[in-house]
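Written out below as structure tokens is the structure these notes cover.
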Amino acid sequence: MITLHHAAQSRSFRILWFLHEADIPHRLERHSFGGKALRSPEFLAISPAGRVPALEIDGRVLFESGAILEYLSETRAPAFGRAPGHAERGDFLEWLHYGETIAQHLAQLTFQQVVLRPDQRSLTVLKLETLRLSRTLDGVAKAMDDGRENLLPGGFSAVDCMVGSSLMIARRFIALDGWPVLTAWHDRLIARPGYRAALAQDGPPELYQRDFYPLPQA
Numbered sequence: 012m013i014t015l016h017h018a019a020q021s022r023s024f025r026i027l028w029f030l031h032e033a034d035i036p037h038r039l040e041r042h043s044f045g046g047k048a049l050r051s052p053e054f055l056a057i058s059p060a061g062r063v064p065a066l067e068i069d070g071r072v073l074f075e076s077g078a079i080l081e082y083l084s085e086t087r088a089p090a091f092g093r094a095p096g097h098a099e100r101g102d103f104l105e106w107l108h109y110g111e112t113i114a115q116h117l118a119q120l121t122f123q124q125v126v127l128r129p130d131q132r133s134l135t136v137l138k139l140e141t142l143r144l145s146r147t148l149d150g151v152a153k154a155m156d157d158g159r160e161n162l163l164p165g166g167f168s169a170v171d172c173m174v175g176s177s178l179m180i181a182r183r184f185i186a187l188d189g190w191p192v193l194t195a196w197h198d199r200l201i202a203r204p205g206y207r208a209a210l211a212q213d214g215p216p217e218l219y220q221r222d223f224y225p226l227p228q229a
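All residue numbers for the sequence shown refer to my numbering, where the first residue is 12 and numbers rise by one.
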């Protein structure tokens with residue numbers, strides 16, 4: 012049985028979502044950001060950085076989202092991947108890693124807006140990271156301006172889980188009003204049965220207690 016080490020509202024949701032989309036049986040091992048569980052020697056032996064996701068599969072552990080999704084696609088759900096030689100292989104790999112490019116700005120905004128007290132926040136950092144996040148979303152919107160339904164023209168794939176999950180967190184920090192193509196894509200994604208099943212299994216909020224975190228006023 013595949014075991015996913017998971018915390019609600021975290022990067023591990025990408026994997027949880029994919030497991031449901033591909034109908035892959037799995038067991039969920041829940042963790043919390045509170046306390047020291049993720050920094051315990053036992054968990055660090057599974058995930059060296061003390062982070063989720065970590066996936067126990069085929070007698071080993073994978074702990075990078077992009078690697079997990081690529082491995083699952085290749086070994087369990089080829090229809091959701093793009094194998095070597097496929098015309099969309101390059102784009103598949105590109106977007107698989109682009110989801111983490113978006114996520115690095117989300118991590119900064121989450122730290123500033125959610126973790127720090129208001130008096131500890133840096134308005135400069137918040138503005139800069141919001142601008143950088145906006146630029147990454149521009150890249151996704153331009154790629155989808157040709158009317159495609161999913162991130163790859165060939166249909167739904169692991170990259171929709173990877174980048175789509177980042178988009179859903181991005182909406183907590185920046186409105187999508189200026190990107191109608193992203194709004195439409197988001198609405199299609201959250202209507203998918205696989206997404207709804209993953210959301211139901213995600214668990215109580217661990218990070219975000221609000222739907223939107225506006226930039227504080229100077």
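Each residue gets a CB set at the ideal place from its N, CA and C atoms; glycine is no exception.
Note that this is a predicted model, so its numbers are computed, not measured.
Assign Arg38 to one of two classes, buried (16 or more other C-beta atoms within 10 Å of its C-beta) or exposed (fewer than that).
Burial call: exposed.
Put Glu53 into one of helix, strand or coil per three-state DSSP.
The answer is helix: DSSP assigns Glu53 an H, G or I state.
Over what stretch of residues does the beta strand (DSSP E) that includes Arg71 continue unbroken?
Taken as a continuous stretch (DSSP letters only), the beta strand (DSSP E) holding Arg71 covers 71-73.
Can you find the residues in the same chain that come closer than 6 angstroms, C-beta to C-beta, to Ile13, ignoring five residues on each side of it along the sequence?
The answer, listed in chain order, is His37, Ile68.
Under the rule that 16 or more other beta-carbon atoms within 10 Å means buried, what is Leu30, buried or exposed?
Classification for Leu30: buried.
Measure the C-alpha to C-alpha separation of Ala88 and Ser176 and round it to an integer number of angstroms.
One C-alpha to the other measures close to 19 angstroms.
Return the first residue and the last residue of the beta strand (DSSP E) that Ala65 is part of.
Run containing Ala65: 65-68, per the beta strand (DSSP E) assignment.
What residue does the alpha helix (DSSP H) around His108 start on, and which one ends it?
First-last of the alpha helix (DSSP H) with His108: 100-121.
Is Ile13 helix, strand or coil by DSSP?
The answer is strand: DSSP assigns Ile13 an E or B state.
First and last residue of the alpha helix (DSSP H) that includes Leu162?
Where Leu162 is concerned, there is no enclosing alpha helix (DSSP H), given that its DSSP letter is neither H nor E.
Pick out whichever of Glu140, Leu163, Thr141 has its Cα sitting closest to the Cα of Val151.
If we check each option's Cα against that of Val151, Leu163 comes out closest.
To the nearest angstrom, how far is the alpha carbon of Pro225 from that of Ile185?
If I take the Cα positions, the gap works out to 7 angstroms.
Classify Glu140 as helix, strand or coil using the three-state DSSP reduction.
Helix at Glu140.
Where does Arg146 sit, in a helix, a strand or coil, going by DSSP?
Helix at Arg146.
Within its chain, find whatever has a CB closer than 7 angstroms to the CB of Cys172; leave out the 5 residues flanking it on each side and keep chain order.
Result list for Cys172: Arg25, Trp28, Phe29, Glu32, Leu80, in chain order.
On the criterion of 16 or more Cβ atoms from any shown chain inside 10 Å, does Leu107 qualify as buried, or is it exposed?
That one is buried.
Among Met179, Asp188, Glu217, Ile57, which one has its Cα closest to the Cα of Ile201?
Measuring from the Cα of Ile201, the nearest candidate turns out to be Met179.
At the level of alpha carbons, what is the spacing between Glu111 and Leu144?
Using only the alpha carbons, I get a separation of about 12 angstroms.
Going by alpha carbons, who is nearest to Gln124 out of Tyr219, His97, Ser168?
Here the closest residue by C-alpha is Tyr219.
Buried or exposed for Phe223, please, with buried defined as at least 16 other CB atoms from any protein chain shown within 10 angstroms of its CB.
Per the 10 Å Cβ criterion, exposed.
For His37, which beta-bridge partners are listed by DSSP?
Answer by DSSP bridge pairing, in chain order: Ile13.
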